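A quick write-up on the structure given underneath.
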Ligand SMILES: Cc1ncc(COP(=O)(O)O)c(CNCCCC(=O)O)c1O
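In my numbering, the protein residues as written are -2 to 445.
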């Protein structure tokens, strides 16, 4: 197991009001310097972070159940990541791979081609963000098929660029006021077990059949370039489709020459207890988009896919200035080795078992918890009115979040209805911190 950088105790500690005085002062400066459109869930300004702890400039130490939105899977400031990226920076910071290439980029692509689902010949391209990966996956699919239509699903989130806003479902805050959006995007009903009209037991092949029927009738399968889906929807509320849904969609794509694109930006790199969430049902995507957990916190993203699709693009048709930054590539190699050497997929499953057990017991005590769901270290609870009423309950969510933030736990929300609490701890978090973080959540509900 990787040793942590020296001196950041893995202990929660609250020494001021939250936010503290130094954070409040910096927040004041921020209001005169940073565009107001950029939000912050918990405006405590960071001094240091390490594994499962984030320490602010006032000396408060928070348990991290956010991982910077599912990014620091190997822990913040992971020593191997820091060492490898620092060594690379000292050698060269940037050349642009399209100008002067370098081995690190090739090594990351070789690793992604090796570890991503499927034994077929693959190629990869490296980018900077999840949205950029999704944009490129759509480019590659349209180019390879000569078709234009892209199918996405209710509750989907794919990014904040013009095309990825078109692909994303929720209007506020992501899309309001930013149109017009890219065309040839079609949205289908999502297999959302907790809210599926005929019950979760019908949320697998039956839900797929409904989407396939709509695709066939509304678009025509022969016009569809790609079906794009998150194996577990992230920002939409950790929606895990019913068993059989994804395989049925993939089968339809294969039968109709449609490119199946898995958006594993949030689910990738051991987060869900498999290296990739697609593995849970042996789904082999034609293209897979990755980012977040790939490089221990440095900005890197990728599209990995069937070589015949990826190589169908004309020379110069793919690229970008910073894609595959050398320090990010070095960090990615360290991160991928850490995930493998420290068996973090197994750790994610253990974390998930602990969280599911504690949160299901909590749900027995509080009927505003309508659903407890997820896999690995990607677990969520959906809050409802209670007493059998499944009306979304963002009010209770806000109360719980406020308590957790004030008591030293970084915790995030999600969901189309703003009523989902999501747990995304680093996969290297200690059992002690995991248990303590869950206790803070339990305390929040006890005080409702
Ligand atoms: C599945 C999935 N695809 C694509 C993306 C986009 O990745 P970028 O790296 O944020 O562009 C995400 C990013 N999710 C966090 C967004 C945070 C916010 O902007 O409010 C994702 O989860």
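All residues carry an ideal CB built from backbone N, CA and C; glycine is no exception.
Bear in mind the structure is a predicted one, so any value in this text is a computation, not a measurement.
Residue burial classification, residue i (beta-carbon count within 10 angstroms, cutoff 16)
i, result
"residue 307", "buried"
"residue 314", "exposed"
"residue 201", "buried"
"residue 102", "buried"
"residue 144", "buried"
"residue 420", "buried"
"residue 0", "Below a pLDDT of 50, predicted positions are generally treated as unreliable, and residue 0, at 44, falls in that range; the measurement from the model is reported next regardless. It is exposed - the Cβ of residue 0 has fewer than 16 other Cβ atoms within 10 Å."
"residue 167", "buried"
"residue 153", "buried"
"residue 379", "buried"
"residue 17", "buried"
"residue 170", "exposed"
"residue 429", "exposed"
"residue 384", "exposed"
"residue 349", "buried"
"residue 311", "exposed"
"residue 289", "buried"
"residue -2", "Residue placement at residue -2 is poorly supported in this model, since its pLDDT is 44, which falls under 50; the coordinates still yield a value, given next. The residue is exposed, with fewer than 16 neighbouring Cβ atoms inside 10 Å."
"residue 368", "buried"
"residue 304", "exposed"
"residue 215", "exposed"
"residue 196", "exposed"
"residue 279", "exposed"
"residue 370", "buried"
"residue 97", "exposed"
Beta-carbon contacts of residue i that lie in its chain and below 6 Å, excluding the five residues immediately before and after
i, result
"residue 331", "77, 78, 81"
"residue 391", "415, 416"
"residue 446", "Outside the modelled stretch of the chain, which goes from -2 to 445, sits residue 446, for which no answer is possible."
"residue 150", "185, 187, 226"
"residue 10", "58"
"residue 316", "95"
"residue 264", "228, 229, 274"
"residue 2", "Its pLDDT being 48, under 50, residue 2 is placed unreliably by the model, and nothing is read from it."
Distance cut-off 6 Å: residue i Cβ against heavy atoms of ligand 1
i, result
"residue 151", "no"
"residue 313", "no"
"residue 100", "no"
"residue 262", "yes"
"residue 128", "yes"
"residue 132", "no"
"residue 285", "no"
"residue 292", "no"
"residue 154", "yes"
"residue 118", "no"
"residue 429", "no"
"residue 108", "no"
"residue 245", "no"
"residue 366", "no"
"residue 179", "no"
"residue 371", "no"
"residue 226", "no"
"residue 166", "no"
"residue 217", "no"
"residue 66", "yes"
DSSP beta-bridge partners of residue i
i, result
"residue 185", "150"
"residue 284", "258, 302"
"residue 73", "48"
"residue 59", "51"
"residue 119", "303"
"residue 379", "368, 417"
"residue 386", "383"
"residue 223", "147, 256"
"residue 410", "418"
"residue 236", "230"
"residue 10", "58"
"residue 124", "298"
Own chain residues within Cβ distance below 7 Å of residue i, not counting five before or after
i, result
"residue 158", "128, 132"
"residue 113", "119, 273, 285, 301"
"residue 209", "249"
"residue 260", "131, 155, 225, 226, 227, 286"
"residue 364", "383, 384"
"residue 139", "145, 222"
"residue 64", "70, 421, 422, 423"
"residue 142", "222, 254, 256"
Own chain partners of residue i with C-beta closer than 8 Å, once the 5 adjacent residues on each side are dropped
i, result
"residue 435", "351, 352, 355, 356"
"residue 400", "437, 440, 441, 444"
"residue 251", "257"
"residue 427", "7, 48, 49"
Say whether the segment 132 to 140 touches the segment 104 to 121, bearing in mind that this needs 3 or more beta-carbon pairs closer than 8 Å, one atom from each stretch.
-> no
Inter-stretch contact at 8 Å, needing at least 3 Cβ pairs: the segment 266 to 280 / the segment 396 to 410 = no
Between the segment 81 to 97 and the segment 318 to 325, do three or more beta carbon pairs fall short of 8 Å?
-> Yes: the two stretches touch, three or more of their Cβ pairs being nearer than 8 Å.
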